[in-house]
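**Q**
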Amino acid sequence: MKRYFWPKKPMGKWSIVLVLVFIGVALLKFSFIKIAVPVPVPTFGVALIGIAAFIFAVISLVKDKERSVLLFLPILVGLVIILWTTGEIVYPH
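So this note's numbering is basically just the index in the sequence shown, starting at one, shifted up by 1.
#1: Where does Ser-32 land, buried or exposed, given buried means 16+ other C-beta within 10 angstroms?
#2: Per DSSP, what kind of secondary structure is Lys-14 in: helix, strand or coil?
#3: Nearest to Phe-45 by CA position, among Gly-88, Leu-21, Ala-27, is which residue?
#4: Verify whether the separation of the beta carbon atoms of Ile-24 and Ile-52 is less than 7 Å.
#5: In chain order, which continuous runs of the alpha helix (DSSP H) of length 4 or greater are located wholly inside the segment 16-84?
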């Protein structure tokens, strides 16, 4: 079985695009750059972008049998978001 670096199907490509948008907006929103460049996206919106990338990646993995290396990045990001949100709900501070 040959593994590709980039996804071949549209759903996999969308998941990569969304995770790159998520990383870009998260870096702008949660870094020192936000002083110079205000980002009018709420944290919930940033998390939704990451969850959408996760859902597209899982659908691409299951339905399209996509096995590219980059497809595991949105899955990892989505799992971190889900675990973080679950931890915040279970153990609020």
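Cβ atoms here follow ideal geometry from the backbone N, Cα and C, with glycine treated the same way.
**A** This is what the structure gives:
#1: By the beta-carbon neighbour count (other beta carbons within 10 angstroms, threshold 16), Ser-32 is exposed.
#2: DSSP places Lys-14 in helix when its eight states are reduced to three.
#3: Nearest C-alpha to Phe-45: Ala-27.
#4: Their beta carbons are not under 7 Å apart, which means Ile-24 does not touch Ile-52 by this criterion.
#5: Within the segment 16-84, the complete alpha helix (DSSP H) runs of at least 4 residues are 44-63.
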